[in-house]
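Accompanying notes for the structure given below.
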Amino acid sequence: MAVTGLATPRLDWHAADLPQALKKFKAVCELYFSGPLKSKSEQEKISYLLIWTGDEGIELGSTWDLSDEERKKLNTYWTKFEEYVAPKSNFRLARYKLRTLKQAEGETIDSFLKKVRVLVSESKYSNADEHLIDALIFGSNNSNVQAKLLEQDSTLTLDKAIDIARTQEATSTQLADIRGPSNSIHGLEHKNRKKQQQQTLDKSSMKVCGNCGRSHDLSSRSLCPAFNTRCKNCNRLHHWGRVCRSGKQLTLHGKNHGKPQQYPKGKPQKQVNSLEQQPDHADPVVPQLYFHSISIHNLNEYNTQAIVDLNVSSDQVTKSVPCKIDTGAEGNVLPLDMYKQLYPNSHYNLNGKPSGLIPSNTRITAFGYHKIEHYGICKLHLTHNGNTTEYPFHVVNTSGMTIIGLPTCRSMNLVTLHYSIDLDTAKPPMSTSNGDLKAKKDILYEYGDVFNGIGCFNGEFHITLDPSVPPVIHPPRRVPEALREPLKKELDSLESQGIIVKDIFQRKVDETFGDLPGVTGIADDIVVHGKTRLEHDTNLRAVMERAKNAGIRFNRDKCIIACNKLPFFGHILTNEGLKLDPKEAEAISNMDPSRSLADLQTFLGMVQFLSRFIPNLASESAVLWDLTKKSSEFQWNPEHQAAVSKIKKLITDPSSLQYFDSRKPVVIQVDAST
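Under the numbering used here, the sequence shown has 1600 at position 576, and the numbering climbs by one with no breaks.
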């Protein structure tokens, strides 16, 4: 083969962006066809193409109605593949998107124009250049670009408009470099802008004091007006309440006219993330990003985190990411671990810094003025309720959850701001008592960590080998060629996450929850029950606490809480008794055991599993069991069909079994076996 030693091109039919994947695949194939396979005939190149597209491509090609002449042309196959993966476009929707498209903050003119060109092409306008110019004027975030383009007359061409936009963009960037950073990130500079405009003193000696909040000479502590005065907030010396960091008050504006609201003494409080400027500890030239804390009234005594699952898309990967909503932050933060998952093909330097990020001189500081390493900014597309928008994220070298700041939360309608506060502590917003769970969202809110990520049992498992058993080497299991690459990716993913085997999973589940009352588990399904609502909620909280401590994670989408009936391994558990799952009954009703002995054995096995719901099953199925004996010839007769029909009818009849009650008389009914 002419391409021996080279990587074989493969089309990823499961790619999130299939048209883009086909485009890259075609580019690689054309390099092969113009290089190592240049001497091959057109028909041979077509064969190579179909082989490289895998089983999906070969099956798709077999459905095309091509003439003999078309089958000999390579371009015919490329055209057919491109038509198949091309998304069905709606030109009116594309026109709407074009009208509302805005240049994102930090986005270059060239990057913005790429999006505009795609939408103009999908909009099917006859004069594309004019619409490109209009989009450049109305969508640009640079007022100088808009002003310059609006000054032009009707002779303005697209090339000239692009040159003007690029020139203005370069000029603005150069002026920003000369003047130094002045952009506000997370609202860290604009809060004191009015004060800075009013200050006429020398900035080298006049800074904002962290003890009084005023600007004065910081060379001596005694010059501060707050020196030897007592804070009305925490009752400590040498600072005022306006800059108090003890976190005992929360200031809201609106109906309260800017007055601080004091919570009653002795009430439990929780910490939530917030952002604020600390000018007396910061370089006035470099923007600062602080993660501080304020205290608010206790919304819930278990967990104050708000988590939302968002579809996050980079140019490489699309995945669902649990994000923490932080209304105290005015920007978004992406941990490096999550960045690596979203950009698996990125390159990193010797210091571990990823390439391709937008440079930023923002300094990120955590509570206590602990600095966090910051690599730069990446732009991701977030999807929520069908709406997709691009937002910037600061990539930081720290562990934790992805943080969504207030501007993004408001843009995506994740939060709603209310300018008043209810101080009636007699009505907590979520749970009314330790044992009363009102909804599934309460558990997700209180035990958010238990529903995020992949769980891992604490401790290690030691495999004991019997030294008397001789070692055996088994050949690897054969895997079809088309499944090898997806299987390898899945196995690599499981191994990287520490998921290797599940042989002892059931044993670990029993060890973890076996001593808890009202808990039953089979495989990865766990049922929590109670005779009363209070008992049920108490048992459920015990399970959640045990799972949290044991490192177990639950699937929030499969979680059913506080219900009167529950599907469980082919049965329906209800408060009235045990019922047959209608899906199981339907599956048995649709079976045809008359085709072969194997089908009959399968049918009888499934029926036997549900024997408790079928009265007199032994006598009803006796004629069918006779047919499975080795001495009997498999010959389907009317009596066999009548027995199957009778059994199916008994299964489909609604019936339920009461739970055992030791207080009632016990009657033993024995179903004689054949």
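Every residue gets a Cβ at the ideal spot worked out from N, C-alpha and C, and that includes glycine.
In this text, all values refer to a predicted model and were calculated from it rather than measured experimentally.
Roughly how many whole angstroms lie between the Cα atoms of residue i and residue j?
i	j	result
threonine 1103	lysine 1126	33 Å
aspartate 1187	glutamate 1131	17 Å
leucine 1641	glycine 1542	32 Å
glutamate 1080	glutamate 1106	14 Å
leucine 1055	serine 1091	27 Å
serine 1058	isoleucine 1612	58 Å
leucine 1564	glycine 1601	21 Å
phenylalanine 1684	leucine 1042	57 Å
aspartate 1036	glutamate 1146	25 Å
threonine 1556	valine 1668	42 Å
leucine 1247	cysteine 1236	11 Å
cysteine 1402	valine 1420	11 Å
threonine 1544	lysine 1603	17 Å
glycine 1163	tyrosine 1399	29 Å
glutamate 1610	arginine 1141	54 Å
threonine 1700	lysine 1512	Here the chain comprises residues numbered 1025 to 1698, so residue 1700 is not present and cannot be evaluated.
proline 1504	glutamine 1340	27 Å
alanine 1250	histidine 1263	5 Å
threonine 1412	leucine 1160	21 Å
glutamine 1192	serine 1150	29 Å
leucine 1199	valine 1232	27 Å
arginine 1190	threonine 1422	36 Å
asparagine 1259	threonine 1253	9 Å
serine 1492	glutamate 1535	30 Å
serine 1178	histidine 1155	13 Å
arginine 1269	glycine 1234	10 Å
proline 1510	aspartate 1153	44 Å
isoleucine 1546	glutamine 1632	20 Å
threonine 1124	asparagine 1588	49 Å
glycine 1410	arginine 1119	18 Å
asparagine 1099	lysine 1138	26 Å
Count the other CB atoms within 10 Å of the CB of residue i; is the residue buried (16 or more) or exposed (fewer)?
i	result
leucine 1558	exposed
isoleucine 1427	buried
threonine 1432	buried
threonine 1077	buried
proline 1416	buried
proline 1617	buried
histidine 1038	exposed
leucine 1404	buried
proline 1033	buried
threonine 1440	exposed
serine 1384	buried
leucine 1634	buried
asparagine 1257	buried
glutamate 1608	buried
glycine 1380	exposed
aspartate 1561	buried
cysteine 1583	exposed
cysteine 1053	buried
isoleucine 1075	exposed
Taking Cβ positions, are residue i and residue j nearer each other than 8 Å?
i	j	result
threonine 1652	leucine 1621	yes
serine 1344	tyrosine 1367	no
proline 1378	serine 1370	yes
alanine 1128	glutamate 1397	no
leucine 1430	glutamate 1354	yes
methionine 1568	isoleucine 1467	yes
leucine 1182	isoleucine 1157	yes
glycine 1085	tyrosine 1072	no
histidine 1664	valine 1647	yes
leucine 1540	arginine 1580	no
proline 1662	asparagine 1476	no
serine 1655	isoleucine 1671	no
glycine 1472	isoleucine 1331	yes
Considering only heavy atoms of the ligand PLP, does any lie closer than 7 Å to the CB of residue i?
i	result
valine 1647	For the ligand PLP, the structure offers nothing, since it holds no ligand at all.
List, from N- to C-terminal side, the beta strand (DSSP E) runs of 3 residues or more that fit wholly inside the region 1488-1563. Runs of the beta strand (DSSP E) lying entirely within the region 1488-1563 and spanning at least 3 residues, in chain order: 1543-1546 and 1549-1552.
Does the region 1488-1498 come close enough to the region 1058-1067 that 3 or more CB-CB pairs lie under 8 Å? As far as the Cβ criterion goes, the region 1058-1067 does not touch the region 1488-1498, which means the pair count is below three.
Segment contact, 8 Å Cβ cut-off, at least three pairs: the region 1628-1638 with the region 1574-1588: In this structure the region 1628-1638 does not touch the region 1574-1588; the number of beta carbon pairs closer than 8 Å is below three.
Within the chosen definition, does the region 1489-1505 reach the region 1588-1596 through at least 3 CB pairs nearer than 8 Å? Contact between the region 1489-1505 and the region 1588-1596 is absent, because fewer than three Cβ pairs lie under 8 Å.
Secondary structure, alpha helix (DSSP H): runs of 4+ residues fully inside the region 1048-1117: With a minimum length of 4 residues, the unbroken runs of alpha helix (DSSP H) contained wholly in the region 1048-1117 fall at 1066-1076, 1078-1085 and 1098-1109.
In chain order, which continuous runs of the beta strand (DSSP E) of length 3 or greater are located wholly inside the region 1588-1656? Within the region 1588-1656, the complete beta strand (DSSP E) runs of at least 3 residues are 1589-1592, 1595-1598 and 1602-1604.
For a minimum of 4 consecutive residues, which ranges assigned as the alpha helix (DSSP H) are wholly contained in the region 1360-1428? Contiguous alpha helix (DSSP H) elements confined to the region 1360-1428 occur at 1360-1366, taking only those with 4 or more residues.
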